[in-house]
Every structure is written in structure tokens, then in C-alpha cells.
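For reference, the structure is listed below as C-alpha cells.
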Amino acid sequence: MNNNKSYKRHTVTAALPYANGPIHIGHLAGVYVPADIYVRYLRQKGKDVVYICGSDEHGVPITIKARQENKTPQQVVDYYHHLIKDAFQEFGIAFDVYSRTSADIHHETAAAFFTTLYDKGVFVEQESEQYFDEENQQFLADRYITGTCPHCGYESAYGDQCESCGTSLSPAELIKPRSVISGNSPVMRKTRHWYLPLDKYEPMLREWILENHKDDWKPNVYGQCKSWLDLGLIPRGVTRDLDWGVQLPLEGTEGKVLYVWFDAPIGYISATREWAAEKGVDWKPYWKSPDSKLVHFIGKDNIVFHCIMFPTMLHAEGSYKLPDNVPANEFLNLEGDKISTSRNWAVWLHEYLQDFPGKQDVLRYVLCATAPETKDNDFTWKDFQARNNHELLAIFGNFVNRTMVLTHKYFDGRVPEAGDMTDNDRETLKNMAAFPAKIGESLELYRFREALAEMMNLARLGNRYLTEEEPWKKFKEDPERVKTILNICLQVCASLSVLSGPFLPFTAHKLQEMLGVPARAWDEGGRSDLIAPGHQLNQPAFLFEKVEDEQVKAQLEKLMQARKDNQSDEDAKPFKETTTFDDFAKMDMRTATILSAEKVPKTKKLLKMTLDTGIDQRTVVAGIAEFYNPEEVVGKKVVVLANLEPRKIKGIESQGMILMAENPDGDLAFVKPEKDFENGSTIS
RNA sequence: GGCGGGGUAGCUCAGGUGGUUAGAGCGUCGGAUUCAUAACCCGAAGGUCACGGGUUCAACUCCCGUCCCCGCUACCA
């Protein structure tokens, strides 16, 4: 049913990297390495395939970064676009096109896409109130508003999230909001936006995903989609008030752009158009013809966009086909911790290429072997070393080297002719012939780890055969026999040079040069006549070198340094701005005793408590349930901010706030008077 | 709290419409070997398949409950 043979062409996309930082091993293992292996395999199968990627260059974070660095957004994306593009290229990720969303062709494509949907009446138009900076005459995106976090009191919280306590916010919740641009307090003003009514397309999505792709999508992808569909979809805004991005192609909408999640996936289409124009072919069949297979490689954080929103857009547009598969991977950790750009806890591709020149294939191998296909996985440098030294080098490299050295020693590097075959010879050749189909099957099911292990089994087959036949013992009495043995070993080497291609392109090429054989199609990989008798081999050279302990140690030290730098940053949480005595005096803080406490149902963090303040009894809700059980809290002496404006939380009115101390690890502890004062005592 | 994914040998992972001794690679130990980058090859040890119930002639595989990890989501005065 999903046999690749029934498809005329393949359109393969890899998630567009966001151009505000470099690429790290998590991106590679999750998306680019598997996608690259898949594409190289298809190409070797002789398929018509286009491999699409590019930089995602719009959105608010880039404009913020530009402002911080005193640059234009274009300068920021130019820098990262080239850094990313060059690193991919050097690493051997063989995109047919690596485009960018700031390119003209993308602006055109995305605007036209929007117009088509607009003309079809797909969108819902709605007015809402948003913060507006009067001095600069512009609406403020969530990230452009800063203010005091209502939760932790941090004074530089953003409109969408507080970076101090991690709470997600909406701009209206911020206390004392300020515009990041002018520093002024913004005002609420009406603005108009366009929404994609995902709810209307729910039946289509249900049938397409839940019924048609029950069996061929990965469980994590299918499950995530089902979860979204069962929760019920709601309209999603596709426009934003911002001056960086694709302008809305409508009259009177200056200052409005497409929201990035609408804009970015269209980037796949724009990139395809760019490629097609250069090549002089028609791009449309790659996206619109039912006999094209469309596959999106992404990480698990992108599932909803690629399985729900983008397909809805394509469907609503009307002339596109929907993706055939979205093989999303889980996440890769590094030395036991989450990879984090802001904490600099990562192995950056451009740094790896510097530290390990010429070792692209080693990283490709390790990342494929430990790819988080079914669950999160951990990358460690020790594992990197072991896989290089004990697998790539000891099994693959060593087999090739043994064969080459023996052939040079006994036959001056000329391929000997095979004579009469023994059972073992025939068995070995028969086994070898099965590899292209076996590996290919795994690849077509997106089981890259399995496929890689199978490829290595071919090298194992060679090693076993060579050891069993012991040509170094037989050469004196029976040189004719040795000719046959080495001929067979060389055929295995030649097969390896074909079948390792998708996984280890640099190594495959090097091996082909060493053997003096051309690149071959995938299905020729198991043949026993890939290298002809009498053919002169080149000198043997090592395919892989040992990774030494010192190199591993250096990488680990680099990471430890990052961790150290990071910790010292965190410990030094800066003081807040100076406040006035008058402001302080406005706060009425009292000692109180907790009379009763219970967990608020259906929440993880909330505790509902009754306090005796000495003056009254009141209800307070606090987010401390992760640190205190209701039972252990009762009877505790606490300090409460008693004149804080009451607020409803989960339907319960909270009349005040209990003062808590928080350490750098995020642990909470009650603040309480040192002596056991009666309830209602004032704090000043 | 709701939802999704996952918890299988020291490590990284396969597996199964329920059925003889639960698999692989790496690591460890032993043997054999010397063509090879002390590598290859052979063999062994290692697992109450997270935990507790249930269904069954039979469960790691199905059902119920619990715990732990990751993600999405709600919540945090």
C-alpha cells in the first residue's frame, strides 16, 4: 500500500531550522541525518527525489535578537543562514536546495497562498484588543511587552512567558507592562486578524489520520494527533502585527504579516519552486500529483504543525496533496541532560567539524545508531568513542584493511580471479546478495537504526568469512584457493562501498577510490562481480582512525565548563530595581496560621488553605503542592500579604498571598517569624 | 489533573493475533588466532521483560490499578 514502487517521485522535507542559532546534534539525530539517509537511499535506487530545506527566518525572536545586538533582522538571519547552510554542506547533508524564507520567491509564494485561501473565504476575520505602543505607532507582539511577573515578581517577564519562573503568560496579565521598544506603557487598542478555523476541518483530519494512517505512521505521531483531535481543534490566528515577515497581500493591512507557523511550512513549497526554476523542471507535480510521495522529517515538537495545521492549509487550498508520512523523532539528550541552546549544553555542528576534521561519517554513524526513534535517547562522548573504535574501525575499517593488505601482499594489489567455489563461498555470496533488499526494507519503514546495524552485518559477514578461510595459512600450499577467497572478500568490500553510501557517504566515496570502482546503484550492491579480475587496486588507507581518550576528555571538559559558567550565572540573580519606602509601606503583611489545607482538584501545584490572620479567617490558593502536602502544612506559622487584590484561581477566590523563599533549584520554603508571634502581627 | 510516548541483560535498543531454553550490538569473562588500526573469529556468564492484581491450560505480550522518565496541555498571585 505504501510501497515506494508505486510512486513516481518523492518530495522529502527536513524541518526548517530557525535562524537564530546554530545547529546541534539534537537537530541532526532527530531530523537531518535520518532524512539524508532516506534521500541518499532513494537516489541510489534511481528514484526521482527532491530534498528540501531552508532557514526559517521570520518571527518575533529574531527581531528581538536583532534589537539586542543592535542589528537589523536581516543581518541576524544572514549570519545564521550562512552558518547553518555551510555546516550542513560540510557535514554532507545533501539537500537539493537550501533556501530561506526571506527570499523573494518565498514572499511571493506565501502571499499567493494566503490570497488563495482568502479568496476562497477560508479565513475567519476577527477584531481583538492588543497592546499598542503609541510613540512608535505599532502593535506589540507578546515578546515585545515586558513587565512584572504576577507569579514570581520578576520585573523583566515577557508577554508570553516569564523567564525567571517559567510560567507562560498572556500580555494582559503582566503588572506594569512596558513596551520593549520605547519603554513607555502601552495602551490597549483594537486590531484585526485572520484565523484558520481548524475546527471546520476536523472531520477531514480525523478520517485522513485516524483511519487512513493508523498503520503506517509512527505511534508517537499518531498518538499525538489523536490527542489533539480528541481535545477538539480551535481556530488559529495566521496573522500578526509586526514589521518583519511576509506582508499581508490585502488592502489596508500595512504592518501586518503572516504568523510564522503559517509562513514557514510554505517555505518547503517556495524552496521547491526555487530548485525547479534553476533546474528547469515543473515543481507542481512534486506537491500536487497523487503519484508523488511527500514525507516530512521533523522532531516531536513539530508534530502538530505538520500533521494538523499545514495539512489543513494544503487541503483548504485545494490543489495540493497531503503528506504521506511524518516520521517524527523524539529528543536526544547530551550526557544525561536536556540539550539547551541558552544553557550552551550542546554539541554544535560547526564546532564538531572543527574539532574532528574529516570525521563527518563518525558523527553520522553515532547519531544514526543512537537516533531517538522510539524514545528519548542519550548522546555521550564515551559512547561516541566506543562506537568509532569498536564498531566503525574494528568491524568495517578493519575488514577492508585486512582485505586490501592481503591482496597487495599476495597479488600486488591486482584483483585475483575466483576459481572453483566451495559451499562456504557460495553461502557467503548468497548472504551478501540479500543485503540491499534487507537494508532497503528497513529504510522504507524509517527504521534507520535497524538499517545501519544491517549494513554493519555485511562487514561482519566479511570478517567471519576471512577468518574462517584463513588465506594467510593457505597461501603457501594453495595460492589458487587464496585467489578465490580474496576475490570474494573484495566483492564484499565493493558491496560495502555501495550499501554504506546513504549512511557514510564520505567513507563510501573513499572506499570506491581505494578500490578504483565507480559509484553504483543500490540494487547492484549485493552483486559478486562488482570488481573485475586483473583490476589494479590503489594503496590501502585507513577508513577510520581511533578516537583517543584525550579527545573525549577535551569534549567533556568543554561541557563541564559550560555547566560551570551556567551555574554561576544562575546563582547571581540580580537585585530588582530600587523601590520607594512609600511603595513598600503600601503592603500589609501579617503573620498567620494555616488552619486547614486541601489540594485543589485537577491541578498539580495548587493548594487551597484557610488562614487565621488574627483578624479574620480567609482562603488563600498557592502553587506549592509540589513541595508541601496538605497535612504537613496545617498549623504552620506563615507570613501573608493581606491587602493584595483578591483573585480567582480555578474558581476559588484567593484572598492574599503567602510569602515563600525560593532557592536557585526552585525549591520553596515558608517565610516565618523567628519567634512564635500571635497571628495578625504586622511586618515592616 | 487530562492526553500521548516510553519503562526488556552493565550500556544502547529489537521483539511478540499470548505458547518450547526472551533476542542483537557494545561492554565483561574465557578460548582460538596473527592477515589486520591489540583489531577479527568462536564461546560463556548476565534479565522474577518497572511494580501489584486479574483473565487464561499458558502473559513479558491482553485487562485493571500503582510508580518512574519524556513531551503536549491545564494550572501557578
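For the first sequence, counting from 1, position 323 maps to 322 in numbering that gives the first Met the number 0; every step adds exactly one.
Quick reminder that beta carbons are idealized off the backbone N, C-alpha and C, glycines included.
- Residue burial annotation: residue 594 is exposed, with fewer than 16 other C-beta atoms found within 10 angstroms of its C-beta.
- In this structure, residue 338 and residue 347 do not form a Cβ contact; the two beta carbons are roughly 10 Å apart against a cut-off of 8 Å.
- Distance between residue 366 and residue 543, taken at the CA atoms: about 16 Å.
- The C-beta separation of residue 112 from residue 316 comes to about 6 Å, placing the pair in contact by the 8 Å criterion.
- By the neighbour-count criterion, in which 16 or more other beta carbons inside 10 Å mark a residue as buried, residue 658 falls on the exposed side.
- Taking all protein chains in view, the Cβ of residue 260 is crowded by 16 or more other Cβ atoms within 10 Å, so the residue is classified as buried.
- Counting the other CB atoms within 10 Å of its CB gives residue 278 a total below 16, which places it among the exposed residues.
- The continuous alpha helix (DSSP H) containing residue 366 extends over residues 359 to 368.
- Following the DSSP letters along the chain, one finds residue 49 inside the beta strand (DSSP E) bounded by residues 47 to 54.
- Within the same chain, 286, 287, 288, 289, 291, 293, 313 come within 8 Å of residue 320 by CB-CB distance, once the 5 residues on both sides are set aside.
- With respect to the 8 Å criterion, residue 620 and residue 589 are not classified as neighbours on the basis of their beta carbons.
- Residue 190 has 127 as its beta-bridge partners, per DSSP.
- In this structure, the alpha-carbon of residue 557 lies about 20 Å from that of residue 26.
- When DSSP assignments are scanned along the stretch 527 to 551, no uninterrupted stretch of beta strand (DSSP E) that is 3 or more residues long falls wholly within it.
- Between residue 36 and residue 447, the C-beta gap is smaller than 8 Å, which places the two residues in contact.
- Contact between residue 458 and residue 395 holds, since their C-beta atoms are separated by about 4 Å, short of 8 Å.
- Taking a C-beta distance under 8 Å as the contact criterion, residue 462 and residue 415 do not qualify as a contact pair.
- Going by DSSP, residue 611 is part of the beta strand (DSSP E) stretching over 606 to 611.
- Separation of residue 108 and residue 268 (C-alpha to C-alpha, rounded to the nearest whole angstrom) is 8 Å.
- If you check the CB distance, residue 183 and residue 242 do not come in under 8 Å.
- Only buried fits residue 530, as 16 or more other CB atoms lie within 10 angstroms of its CB.
- Excluding the 5 residues flanking it on each side, residue 60 has same chain C-beta neighbours closer than 6 Å at 19, in chain order.
- Judged by DSSP secondary structure, residue 176 falls outside any alpha helix (DSSP H) and instead within the beta strand (DSSP E) spanning 174 to 178.
- Residue 657 has 639 as its beta-bridge partners, per DSSP.
- Taking C-alpha positions only, residue 134 is separated from residue 94 by approximately 45 Å.
- One Cα belongs to residue 517, the other to residue 436, and the distance between them is close to 21 Å.
- For residue 222, the three-state secondary structure derived from DSSP is helix.
- A Cβ-Cβ contact shorter than 8 Å links residue 11 with residue 38.
- Look at residue 560 here: in three-state DSSP terms it is helix.
- Assignment of residue 627 by DSSP, reduced to helix, strand and coil, places it in the coil class.
- The beta carbons of residue 668 and residue 655 sit no closer together than 8 Å.
- According to the DSSP secondary-structure assignment, residue 137 is paired through a beta bridge with 132.
- Comparing C-alpha distances from residue 146 to each of 424, 174, 480 shows the shortest one belongs to 174.
- Annotation: residue 76 is outside any beta strand (DSSP E); the continuous alpha helix (DSSP H) that includes it extends over 72 to 90.
- Residue 233 places its beta carbon less than 8 Å from that of residue 197.
- Taking C-beta atoms as the reference points, residue 55 and residue 16 count as a pair closer than 8 Å.
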